[in-house]
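2 protein chains.
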Amino acid sequence: MEQVRIKSPGTVANLVCGFDILGLALNDPFDIMEVKLLNEPKVVISNRDDFNLPTDPEKNVAGVVFLAAMEKLNNSEIGFEVIMEKHIKPGSGIGSSAASAAGAAVAANHLLGNIFSKDELVQLAMNGEKLASGVKHADNIAPCILGGLSLIRSIHPLDIISIPAPDLHVTVVHPQIEVRTSDARQILKQQVLLKDAIRQWGNIAGLVTGFMKNDYDLIGRSLEDVIIEPVRSILIPGFDEVKRNCKEAGALGGGISGSGPSIVMLRKEEKTARVEKKVMN
Amino acid sequence: MEQVRIKSPGTVANLVCGFDILGLALNDPFDIMEVKLLNEPKVVISNRDDFNLPTDPEKNVAGVVFLAAMEKLNNSEIGFEVIMEKHIKPGSGIGSSAASAAGAAVAANHLLGNIFSKDELVQLAMNGEKLASGVKHADNIAPCILGGLSLIRSIHPLDIISIPAPDLHVTVVHPQIEVRTSDARQILKQQVLLKDAIRQWGNIAGLVTGFMKNDYDLIGRSLEDVIIEPVRSILIPGFDEVKRNCKEAGALGGGISGSGPSIVMLRKEEKTARVEKKVMN
């Protein structure tokens, strides 16, 4: 197999109370990547979309992942050519960079005969996240590669666990503002109250139990973030109102998607997960 | 039914990374309580053990629970007589006061024709914990009443969830020193580092997932407490050595039981949980 066409889905990281540890994959939207194996050590990138992302492999999220895979192989007769067709808007808070990075790792692995383990794929793809946000985080990467709901118990050492969960309908509300991940990180307090941390880990345990028991009420009660959301939601005008309206319309609960500004709400109604994109007024 | 004889088991609260939210019930040891319904509003307590616990109902952990049940009923023709046969040593860190309190609530409920819900039983029994430690906590009470592993997601409002878990062999090492719960609470820092809190909630999510998937390796990897144990273990001489020795002998992991000084270690070997009491040198 010398050419592969893959779909790489959007993902929701920092799933409400699961800051830095829980992420889920969406069915839609997804990027499409067509990747070809080359027999010389170079990476050639072209875009079939309107996002004008850099095509210099050193500056491209997928590019640095291909380069990392080549370095890991230490084989000077291997390279990659990729046509990127992104549908996940960069900066929309549903893992656009992770989709490029994870897609590159998975595509390279297929073309090379599935030589990498899942942990190695996550490690490779984290190079793309490092380029995009300055931090090697896996809470978009892991669900993008594994599907469903992923727990990143630890980054050092890497410990990723798939958590069974019922089908959920996911609504992503995307305000037309930009929140830089680095800004969203900077406003977080380095210290938190122990009593808040206890409430948060009670909610996380409740959320995981609710997913594994298919207990939607428990999922709803546990979708509460007392640590990150009170700080970050200040950056998102109308946050409380959107959340309240969604809950009144039947959502189980929700919060900030990734580092924002998107807002993610979970519902039980539909059999399969899909994304509604809405524009806030 | 005018008389009832109940067994009320020991429990392990603050299950390693699950400070204030996770507790489990032991098969053994357990207290025995013989409780009789009276037709006048008084509580009569006698002890059939050597612990010399107070028999004044206002000062007795079981006594205040019976009084709370009577107050809740608002019926001046009801009282309780109890013979306490405690086998769980007070101050041993495996929920001695909770066994008395939960036993009183459950016995009273049986004698009254099961009029209280499980949440009401927990609420009633927490009056005993309040007397014993000054704090209404439920992480011993809940597993003592419900059995198995309990998550206390929230105290206000009360939200208790049973978590399915495989059989585990529990070893409790009990150093011959006393650690007062109030002292153990006082040395905790009111603030914790966000990065430590994140590591802790990753571990809690891993522990719950491990229990529900019967994944012993994951349980072992998740039995790590980076917040409470580093502070409280200072009060327990030999803590690190005991833990290391138990792990070398095949334990999955463990930590401080309750507020100490007991140390709890979990193993997968035996089919049913039981307690080994060991004395540290």
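Going line by line, the protein sequences match chains A and B. Under our numbering, the residue at position 41 of the first sequence is numbered 41, and the numbers go up by one with no gaps. Under our numbering, the residue at position 122 of the second sequence is numbered 403, and the numbers go up by one with no gaps. Even glycine gets a Cβ: it sits at the ideal position worked out from N, Cα and C.
Open item on the list: If the criterion is Cβ atoms closer than 7 Å, does the pair I204/A and C17/A meet it?
Closed with: One-based indexing of the first sequence puts residue 204/A at position 204. One-based indexing of the first sequence puts residue 17/A at position 17. Taking the C-beta atoms as reference points, C17/A is found nearer than 7 Å to I204/A.
Open item on the list: So with CB distances below 9 Å, who are the chain B contacts of V231/A?
Closed with: Mapped onto the first sequence, residue 231/A falls at position 231. None at all; the shortest Cβ gap to chain B is about 10 Å.
Task: For H450/B, the residue or residues it bridges with in DSSP - done: As a first step, residue 450/B is located in the second sequence; it is residue number 169 there, counting from the start. Per DSSP, R548/B.
TODO: Return no unless some Cβ of chain B is closer than 7 Å to the Cβ of Q191/A.
DONE: The residue given as residue 191/A occupies position 191 in the first sequence. Yes, Q191/A counts as interfacial toward chain B.
Task: First and last residue of the uninterrupted beta strand (DSSP E) at D331/B - done: Numbered from its first residue, the second sequence carries residue 331/B at position 50. Where D331/B is concerned, there is no enclosing beta strand (DSSP E), given that its DSSP letter is neither H nor E.
Open item on the list: Just checking: is the beta-carbon of M407/B within a distance shorter than 7 Å of some beta-carbon in chain A?
Closed with: Within the second sequence, residue 407/B is the residue found at index 126, counting from 1. It does not: the Cβ of M407/B has no partner Cβ on chain A nearer than 7 Å.
TODO: Check whether the Cβ atoms of G374/B and G535/B lie closer than 7 Å to each other.
DONE: Mapped onto the second sequence, residue 374/B falls at position 93. Mapped onto the second sequence, residue 535/B falls at position 254. Taking a C-beta distance under 7 Å as the contact criterion, G374/B and G535/B do not qualify as a contact pair.
TODO: Could you spell out where the alpha helix (DSSP H) holding D183/A opens and where it closes?
DONE: Locating residue 183/A in the first sequence gives position 183, counting from the first residue. If you look at D183/A, you'll find it in the alpha helix (DSSP H) that goes T181 to Q186.
Task: For V489/B and L73/A, the rounded distance between their alpha carbons - done: In the first sequence, the residue the question calls residue 73/A occupies position 73. In the second sequence, the residue the question calls residue 489/B occupies position 208. In this structure, the CA atom of L73/A is about 37 Å from the CA atom of V489/B.
Task: Residues of the segment 291-325 of chain B with Cβ closer than 9 Å to any Cβ of chain A, in chain order - done: Sequence-ordered contacts of the segment 291-325 of chain B with chain A read C298, G299, F300, D301, I302 and L303 [C-beta pairs closer than 9 Å].
Task: Expected contact under 8 Å - CB spacing of V35/A and L158/A to nearest Å - done: The count along the first sequence starts at 1 and reaches residue 35/A at position 35. The count along the first sequence starts at 1 and reaches residue 158/A at position 158. Rounded, the Cβ-Cβ distance is 24 Å, inconsistent with contact.
Open item on the list: By the DSSP assignment, the beta strand (DSSP E) with K36/A in it spans what residues?
Closed with: For the purposes of this step, residue 36/A is identified with residue 36 of the first sequence, where counting begins at 1. Looking at the DSSP string, the run of the beta strand (DSSP E) that includes K36/A is G18 to L38.
Task: Buried versus exposed call for Q186/A [16 or more other C-beta atoms within 10 Å across all chains shown] - done: For this step, residue 186/A is matched to residue 186 along the first sequence. Q186/A counts as exposed, since fewer than 16 other beta carbons sit within 10 angstroms of its beta carbon.
TODO: Please report how far the alpha carbon of V454/B lies from the alpha carbon of I544/B, in whole angstroms.
DONE: Stepping through the second sequence from its first residue, residue 454/B is reached at position 173. Stepping through the second sequence from its first residue, residue 544/B is reached at position 263. Distance between the alpha carbons of V454/B and I544/B: 5 Å.
- [ ] Look at N127/A and V65/A and say whether their C-beta atoms are less than 7 Å apart.
- [x] As a working note, residue 127/A is residue 127 in the first sequence. As a working note, residue 65/A is residue 65 in the first sequence. Contact flag set, yes.
Open item on the list: Three or more C-beta pairs under 8 Å: does that hold for the segment 289-297 of chain B against the segment 166-180 of chain A?
Closed with: No: the two stretches stay apart, fewer than three of their Cβ pairs being nearer than 8 Å.
Open item on the list: For P290/B and I396/B, what's the separation of their Cα atoms in angstroms?
Closed with: Along the second sequence, one-based indexing puts residue 290/B at 9. Along the second sequence, one-based indexing puts residue 396/B at 115. Their Cα atoms are separated by approximately 22 Å.
Task: Proximal residues of chain C, C-beta to C-beta of G534/B below 7 Å - done: No chain C appears in the structure shown, which is made up of the protein chains A and B.
Open item on the list: Taking 7 Å as the threshold (C-beta atoms), are I88/A and R48/A in contact?
Closed with: Locating residue 48/A in the first sequence gives position 48, counting from the first residue. Locating residue 88/A in the first sequence gives position 88, counting from the first residue. No, the Cβ-Cβ distance between R48/A and I88/A is not below 7 Å.
Task: CB contact below 7 Å: K208/A versus chain B - done: The residue labelled residue 208/A in the question sits at position 208 within the first sequence. The displayed chain sequence assigns Val, not Lys, to residue 208/A. For V208/A, the answer is yes, since a Cβ of chain B falls inside 7 Å of its Cβ.
- [ ] Out of G304/B, Q284/B and D496/B, state which residue places its alpha-carbon closest to the alpha-carbon of I537/B.
- [x] Numbered from 1 along the second sequence, position 256 holds the residue referred to as residue 537/B. It is G304/B.
- [ ] Compute the Euclidean distance between the alpha carbons of L334/B and V523/B, then round it to the nearest angstrom.
- [x] As a first step, residue 334/B must be located in the second sequence, where it is residue number 53. As a first step, residue 523/B must be located in the second sequence, where it is residue number 242. About 31 Å.
TODO: List the residues of chain A that I537/B touches, going by C-beta distances under 7 Å, in chain order.
DONE: As a working mapping, residue 537/B is identified with position 256 in the second sequence. Chain order gives no chain A residues near I537/B, where near means a beta carbon separation below 7 Å; the closest approach is about 16 Å.
TODO: State yes or no: is the C-beta of L402/B within less than 7 Å of the C-beta of V342/B?
DONE: Here residue 402/B is taken as the residue at index 121 of the second sequence, counted from 1. Here residue 342/B is taken as the residue at index 61 of the second sequence, counted from 1. Contact flag unset, no.
TODO: Count the other C-beta atoms from every protein chain shown that fall within 10 angstroms of the C-beta of F332/B, then say buried if there are 16 or more, exposed otherwise.
DONE: As a first step, residue 332/B is located in the second sequence; it is residue number 51 there, counting from the start. Looking at its Cβ environment, which holds fewer than 16 other Cβ atoms inside 10 Å, F332/B is exposed.
Open item on the list: Looking at the secondary structure, which residues open and close the beta strand (DSSP E) in which Q191/A lies?
Closed with: As a position in the first sequence, residue 191/A is number 191, starting the count at 1. Here the beta strand (DSSP E) through Q191/A covers Q191 to L193.
TODO: Look at the alpha carbon of N562/B and the alpha carbon of P518/B, and state the distance between them as a whole number of angstroms.
DONE: In the second sequence, counting from the first residue as 1, residue 562/B sits at position 281. In the second sequence, counting from the first residue as 1, residue 518/B sits at position 237. In this prediction, N562/B has a pLDDT of 37, which is less than 50 and means its spatial position is unreliable; nothing more can be read from the coordinates.
Open item on the list: Is there a Cβ of chain B sitting closer than 7 Å to that of G260/A, yes or no?
Closed with: Mapped onto the first sequence, residue 260/A falls at position 260. Judged by the 7 Å Cβ criterion, G260/A is not in contact with chain B.
Task: Positions along the segment 452-483 of chain B whose CB lies within less than 9 Å of some CB in chain A - done: Result list: L469, K470, Q471, Q472, V473, L474, L475, K476, D477, A478, I479, R480, Q481, W482 and G483.
TODO: Run down chain A in chain order and give the residues with a C-beta less than 8 Å from the C-beta of S503/B.
DONE: Walking along the second sequence from the start, residue 503/B turns up at place 222. Within chain A, the residues near S503/B are R153.
- [ ] Give the DSSP-derived three-state secondary structure of L432/B in the structure shown.
- [x] Taking the second sequence and counting its residues from 1, the one referred to as residue 432/B is at position 151. It is a strand residue.
Task: Straight-line Cα distance separating P511/B from D464/B - done: Looking up residue 464/B in the second sequence gives position 183. Looking up residue 511/B in the second sequence gives position 230. Taking the straight line from one Cα to the other gives about 15 Å.
Open item on the list: For E224/A, count the other beta carbons within 10 Å of its own beta carbon; 16 or more makes it buried, fewer makes it exposed. Which is it?
Closed with: Working through the first sequence from its first residue, we reach residue 224/A at position 224. Under this definition E224/A is a buried residue.
Task: Given D498/B as reference, the closest of A104/A, I160/A and C144/A once Cα atoms are compared - done: Sequence index remark: in the second sequence, residue 498/B carries index 217 (1-based). Check the Cα spacing between D498/B and each of A104/A, I160/A and C144/A: the tightest is with I160/A.
TODO: Would you list, in sequence order, the uninterrupted beta strand (DSSP E) runs of no fewer than 3 residues that lie entirely inside the segment 365-451 of chain B?
DONE: Secondary structure in the segment 365-451 of chain B: the beta strand (DSSP E) runs of 3 residues or longer, each lying completely within the stretch, are 430-435 and 440-444 in chain order.
Open item on the list: Cutting at 6 Å between CB atoms, please list the residues of its own chain near V473/B, excluding the five before and the five after it.
Closed with: Within the second sequence, residue 473/B is the residue found at index 192, counting from 1. Only I508 meet the Cβ criterion.
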